[in-house]
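Quick note, the sequences are listed as chains A and B, same order. According to the numbering used here, the first sequence is numbered sequentially starting from 28. According to the numbering used here, the second sequence is numbered sequentially starting from 56. A virtual CB, placed ideally from N, CA and C, is assigned to each residue, including glycine.
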Amino acid sequence: MTETVTYKKKDFVSDQEVRWCPGCGDYAILSSIQLAMTKVGKKKEDIVFVSGIGCSSRFPYYMDTYGMHTIHGRAPAFATGLKIHNPNLEVWQITGDGDGLSIGGNHLIHALRRNIDINIILFNNEIYGLTKGQYSPSSQYGLVTKSTPYGSVDRPFNVASLALGAGTTFFARTIDTDPKHMMAVFAEASKHKGTSIVEVLQNCVIFNDKVHDLYTNKDTRDDHTVRLEHGKPMIFGKEKNKGLRLNGFKPEVVTIGENGISESDLLIHDENDEFLAHLLGNLKGEGLPVPLGVVKRMATPTYEMDIENQNAAVVEKKGQGDMTALLNSGETWVVS
Amino acid sequence: MSNERTSVVIRFSGDSGDGMQLTGTQFSNTSAVMGNDISTFPDFPAEIRAPQGTIAGVSGFQVHIGATEINTPGDEPDVLVAMNPAALKANLYSIRKGGTVILNIDAFTALNFKKCGYEEDPRTTGELENYQVVEAKITSQTLEALSSFDLDNKAKGRCKNFYALGMTYFMFGRELEPTIKWVEKKFAKKAILAEANIAALKAGRNFAETLEAIVSTYVAPAKIRPGKYRQINGNVATAWGFIQAAEAANLKLFLGSYPITPASDILHELSKHKNFGVKTFQAEDEIAAICSSLGASFGGALGITTSSGPGIALKGEAMGLAVMYELPLVVINVQRGGPSTGLPTKTEQADLNQALFGRNGECPMIVVAASRPSDCFEMAFEASRLSLEHMTPVVLLTDGYIANGAEPWLIPDLKKKFNKIDNKLIDKVDGDFLAYQRDNNLVRSWAIPGVAGLEHRVGGIEKEDGTGNVSYDPENHQKMVNIRAEKVAKAAENIPLQNIEGDKSGDTLVVSWGGTYGSTHTAVEELRKEGHNVSLMHLKYINPMPSNVKDILKNFKNIVVAELNMGQLKDFMNAKFKCNAIGINQVKGLPFKVSELKKRILEFSNTETFKQISETREVGTQLEGRQ
Chain A
28 MTETVTYKKK
38 DFVSDQEVRW
48 CPGCGDYAIL
58 SSIQLAMTKV
68 GKKKEDIVFV
78 SGIGCSSRFP
88 YYMDTYGMHT
98 IHGRAPAFAT
108 GLKIHNPNLE
118 VWQITGDGDG
128 LSIGGNHLIH
138 ALRRNIDINI
148 ILFNNEIYGL
158 TKGQYSPSSQ
168 YGLVTKSTPY
178 GSVDRPFNVA
188 SLALGAGTTF
198 FARTIDTDPK
208 HMMAVFAEAS
218 KHKGTSIVEV
228 LQNCVIFNDK
238 VHDLYTNKDT
248 RDDHTVRLEH
258 GKPMIFGKEK
268 NKGLRLNGFK
278 PEVVTIGENG
288 ISESDLLIHD
298 ENDEFLAHLL
308 GNLKGEGLPV
318 PLGVVKRMAT
328 PTYEMDIENQ
338 NAAVVEKKGQ
348 GDMTALLNSG
358 ETWVVS
Chain B
56 MSNERTSVVI
66 RFSGDSGDGM
76 QLTGTQFSNT
86 SAVMGNDIST
96 FPDFPAEIRA
106 PQGTIAGVSG
116 FQVHIGATEI
126 NTPGDEPDVL
136 VAMNPAALKA
146 NLYSIRKGGT
156 VILNIDAFTA
166 LNFKKCGYEE
176 DPRTTGELEN
186 YQVVEAKITS
196 QTLEALSSFD
206 LDNKAKGRCK
216 NFYALGMTYF
226 MFGRELEPTI
236 KWVEKKFAKK
246 AILAEANIAA
256 LKAGRNFAET
266 LEAIVSTYVA
276 PAKIRPGKYR
286 QINGNVATAW
296 GFIQAAEAAN
306 LKLFLGSYPI
316 TPASDILHEL
326 SKHKNFGVKT
336 FQAEDEIAAI
346 CSSLGASFGG
356 ALGITTSSGP
366 GIALKGEAMG
376 LAVMYELPLV
386 VINVQRGGPS
396 TGLPTKTEQA
406 DLNQALFGRN
416 GECPMIVVAA
426 SRPSDCFEMA
436 FEASRLSLEH
446 MTPVVLLTDG
456 YIANGAEPWL
466 IPDLKKKFNK
476 IDNKLIDKVD
486 GDFLAYQRDN
496 NLVRSWAIPG
506 VAGLEHRVGG
516 IEKEDGTGNV
526 SYDPENHQKM
536 VNIRAEKVAK
546 AAENIPLQNI
556 EGDKSGDTLV
566 VSWGGTYGST
576 HTAVEELRKE
586 GHNVSLMHLK
596 YINPMPSNVK
606 DILKNFKNIV
616 VAELNMGQLK
626 DFMNAKFKCN
636 AIGINQVKGL
646 PFKVSELKKR
656 ILEFSNTETF
666 KQISETREVG
676 TQLEGRQ
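Encoded structure:
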């Protein structure tokens, strides 16, 4: 139906000057998405970027596609209405931890449970940037910010658990220092039919610098992240000799070659396993690595197609609507 | 023997589980089919099933039938059907002295008296002495009539509303046939229930016939405009008006909505009509509801959202965004009593200020209001037309009274009316595409996703004139604020001129708007027949107003604005036209009574009194200085 169009990255670069702080992680994400767009196989005019309010939400202005910069937290609702009206569109929603998890938390979980075919990219820098440095719903307990000078007593959301709990059919995590990984993950999100949510661990160079240092720093990252690959054992570490295995219901880190451990003892990643997804979503702390890549991918009918099918079924049953017939339906009488 | 009357008002009242809405609807439908003009007023509690037998649980349905034109559900019922003591207690004050009160005496028990606060049996205290009391054992007689039916007593008892209906059918010479047909259709799959209800209906009718206390009254068919009629209530008319608007504009209709009383029925109605290509989306909240609609509008749909006051409060920010985007969107407010949760099932017009001003920044919206149940079709169409032709959001105000009220409607010929709306969609441009380039009416074009070469971004940050790029330039902001205001003002050239009922100049002009039309029209008409120099200007287009309103006002000495709020349109008009209007205001959750309105209009029609009031009233003078 669609003829192949070949795009270059520059086809998706708008004429607007990008106004993020120098060194912001958003630049790398923007570039990766522009590259990913050359690979999704959609015509440019069929792509729409929708955002709320916040630093990340300036994103649509920088994409040379259709775009809506909306209001704080509500982008999922705009994206939902747009996609229901025109299921042919490729709809991307850009949000952050403040926009998506705080003021827009309600809309996010409902988009996820409905499984409407949109792609949500959540830039998680664990801070409010545009309002100049207040703690967010993903900020760590105790974080000192402008609005928590004595430390935050809020407990953070775990984005993965929240999304999985809301019933998302696709969850992935990536990181702003790895453009190749980002691009691959965005392409997978686009491929998925249904709501895809991608958490991007993103650095705010001004208000929360190095918040993800453990996962980005060359010295520590390999020992603290695990790259998930469907059907492959969960191996990580600088020496590629660490692995994850289950001890009862608890995941633990083991070393291959020690105590008789071999690759065959390790957890094998399965994107279609709901239970494994929840386990991986909770993987954090106690020396456990943070998973990067596609955590969950589950084929499920999409919301907008259910609507299309239902409407078509009603037309089939009742025939195309005719207003004159409707006006004259039921009890009528003639006055002469 | 039967005597003939030109009109009768009857009120059915009982527990909210007693089926009074259905009983009233049947009476209305039958009367309409028999050629009467009618107007109905359902009045139900906010609680779905409040404790049985209490005042809080009383549900009522009032219907006014006439041999002449009927424009209101009537001030004072001539007949009250009270299914229990609470229904009597809640309604007796409103019944015409000398009217008939039908009591279900099976429910007149000590326990039920206590539940609704009667210390003694009201039949023994003399408080009913001004009324014709008809005592009927409605519950037990229904059970008796159904004794041979293989149904339990609970199911039999549920038929008692049809027994009561049967009594009123005799009283007013109604035919049983339309209701029998309806029951047979309704219970097509449960024939025994159909038979039971029909048996109860007939038993009630026969019982009334044997009673000497009841004199059968006949209300002849009304002399109304020839044509084919149907009954319609305001919410259904609203829903259908939008379907027709979408057809006329060759667009798909998208409704994003969140359930709220009294607007939910529009969502229910539109959900039924998916074969018109209508898409309905029940969102997670009011905000998501409007945002989804605006998202759909961006995609090229006729996006609409339905709600009531509290929900509109939540939608404010998105309404502002629609003003900034300059996209079509219709926001429907079926007004109810406020503030806050207020009186969810009662009517009021107190959200006019909210519609006109309830947003941050300089944020003008077109505001229109429907005047009666059937007019909701026309005004839903008009709201859509203005929104699509001017690329700006529109507020449509209705209210709980006309939303739930029903009346006969001369079915419009869609070949002649309601068949063309110009949308602003484009699929190409000559030269460079500028998303915010405008035509002579300051209206921009509508380029939607899927159209190659017109990719652009919309946003809530101030835009540069023409390009739509983000702009913080001071001069540009002033310019854009002016443009958006002027664009809305220019819609005045695209609406009908205001008409006047009565003389075009004179002593007193009554001004009203929206759902009060039935009351104000009837009051003014009766006053004129009685020889008073009073005219009516009923507004349906409130912002912008028709261009001749200013001149109309100059032709009258006294301007009196009647509205179900504390003076919102009056303030608006005084600020706009410095017309020194005074108000007739009421916020009781109920429509105006014609008698009350007439009294107050007359009070103000005396120029001396008017002068005094308008000079001494603080609000009247305070407003002079406003711009």
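Distance CB(residue i)-CB(residue j) smaller than 7 angstroms
{"i": "residue 81 of chain A", "j": "residue 53 of chain A", "result": "no"}
{"i": "residue 287 of chain B", "j": "residue 128 of chain B", "result": "no"}
{"i": "residue 211 of chain B", "j": "residue 220 of chain B", "result": "no"}
{"i": "residue 218 of chain B", "j": "residue 165 of chain B", "result": "no"}
{"i": "residue 111 of chain B", "j": "residue 97 of chain B", "result": "no"}
{"i": "residue 391 of chain B", "j": "residue 455 of chain B", "result": "yes"}
{"i": "residue 383 of chain B", "j": "residue 480 of chain B", "result": "no"}
The beta strand (DSSP E) enclosing residue i, as first and last residue numbers
{"i": "residue 128 of chain A", "result": "Where residue 128 of chain A is concerned, there is no enclosing beta strand (DSSP E), given that its DSSP letter is neither H nor E."}
{"i": "residue 137 of chain B", "result": "134-137"}
{"i": "residue 318 of chain A", "result": "317-324"}
{"i": "residue 614 of chain B", "result": "611-618"}
{"i": "residue 187 of chain B", "result": "187-191"}
Distance, residue j Cα to residue i Cα
{"i": "residue 69 of chain B", "j": "residue 397 of chain B", "result": "23 angstroms"}
{"i": "residue 347 of chain B", "j": "residue 212 of chain A", "result": "27 angstroms"}
{"i": "residue 56 of chain B", "j": "residue 269 of chain B", "result": "In this prediction, residue 56 of chain B has a pLDDT of 39, which is less than 50 and means its spatial position is unreliable; what the coordinates show is noted afterwards. Going from the Cα of residue 56 of chain B to the Cα of residue 269 of chain B covers about 10 angstroms."}
{"i": "residue 624 of chain B", "j": "residue 616 of chain B", "result": "7 angstroms"}
{"i": "residue 341 of chain A", "j": "residue 602 of chain B", "result": "45 angstroms"}
{"i": "residue 318 of chain B", "j": "residue 369 of chain B", "result": "15 angstroms"}
{"i": "residue 673 of chain B", "j": "residue 626 of chain B", "result": "Per-residue confidence for residue 673 of chain B stands at a pLDDT of 45, beneath the threshold of 50, marking its modelled position as unreliable; no derived number is given."}
{"i": "residue 39 of chain A", "j": "residue 59 of chain A", "result": "11 angstroms"}
{"i": "residue 580 of chain B", "j": "residue 131 of chain B", "result": "18 angstroms"}
{"i": "residue 349 of chain B", "j": "residue 471 of chain B", "result": "31 angstroms"}
{"i": "residue 629 of chain B", "j": "residue 594 of chain B", "result": "15 angstroms"}
{"i": "residue 436 of chain B", "j": "residue 297 of chain B", "result": "6 angstroms"}
{"i": "residue 110 of chain A", "j": "residue 220 of chain A", "result": "12 angstroms"}
{"i": "residue 547 of chain B", "j": "residue 600 of chain B", "result": "6 angstroms"}
{"i": "residue 541 of chain B", "j": "residue 411 of chain B", "result": "15 angstroms"}
{"i": "residue 532 of chain B", "j": "residue 525 of chain B", "result": "11 angstroms"}
{"i": "residue 655 of chain B", "j": "residue 639 of chain B", "result": "7 angstroms"}
{"i": "residue 661 of chain B", "j": "residue 567 of chain B", "result": "19 angstroms"}
{"i": "residue 517 of chain B", "j": "residue 337 of chain A", "result": "40 angstroms"}
{"i": "residue 108 of chain A", "j": "residue 329 of chain A", "result": "14 angstroms"}
{"i": "residue 667 of chain B", "j": "residue 614 of chain B", "result": "13 angstroms"}
Among the options, nearest to residue i - alpha-carbon criterion
{"i": "residue 596 of chain B", "options": "B:290, B:393, B:450, B:409", "result": "B:450"}
{"i": "residue 476 of chain B", "options": "B:446, B:79, B:353", "result": "B:446"}
{"i": "residue 576 of chain B", "options": "B:653, B:637, B:607", "result": "B:653"}
{"i": "residue 419 of chain B", "options": "B:135, B:543, B:393, B:219", "result": "B:543"}
{"i": "residue 167 of chain A", "options": "A:97, A:183, A:173, A:160", "result": "A:183"}
{"i": "residue 343 of chain B", "options": "A:258, A:134, A:164, A:355", "result": "A:134"}
{"i": "residue 128 of chain A", "options": "A:85, A:326, A:139", "result": "A:139"}
N-terminal and C-terminal residue of the alpha helix (DSSP H) that residue i is part of
{"i": "residue 450 of chain B", "result": "Careful: residue 450 of chain B lies outside any alpha helix (DSSP H), inside the beta strand (DSSP E) at 448-454."}
{"i": "residue 208 of chain B", "result": "208-212"}
{"i": "residue 445 of chain B", "result": "430-445"}
{"i": "residue 377 of chain A", "result": "As shown, chain A starts at 28 and ends at 363. That puts residue 377 of chain A outside it, with no answer to give."}
{"i": "residue 562 of chain B", "result": "Where residue 562 of chain B is concerned, there is no enclosing alpha helix (DSSP H), although the beta strand (DSSP E) it sits in stretches over 561-568."}
{"i": "residue 250 of chain B", "result": "246-265"}
Identity of the residues DSSP links to residue i by a beta bridge
{"i": "residue 311 of chain B", "result": "B:336, B:360"}
{"i": "residue 230 of chain A", "result": "DSSP, once it has assigned bridges, lists no residue as partnering residue 230 of chain A."}
{"i": "residue 593 of chain B", "result": "B:567"}
{"i": "residue 98 of chain B", "result": "B:115"}
{"i": "residue 493 of chain B", "result": "B:499"}
{"i": "residue 90 of chain A", "result": "A:40"}
{"i": "residue 197 of chain A", "result": "A:324"}
Proximal chain C residues relative to residue i, where beta-carbon distance stays under 7 angstroms
{"i": "residue 346 of chain A", "result": "In the displayed structure, chain C is absent; the protein chains listed are A and B."}
heavy atom of the ligand FAD below 6 angstroms from residue i C-beta
{"i": "residue 247 of chain A", "result": "This structure lacks the ligand FAD, and indeed carries no ligand of any kind."}
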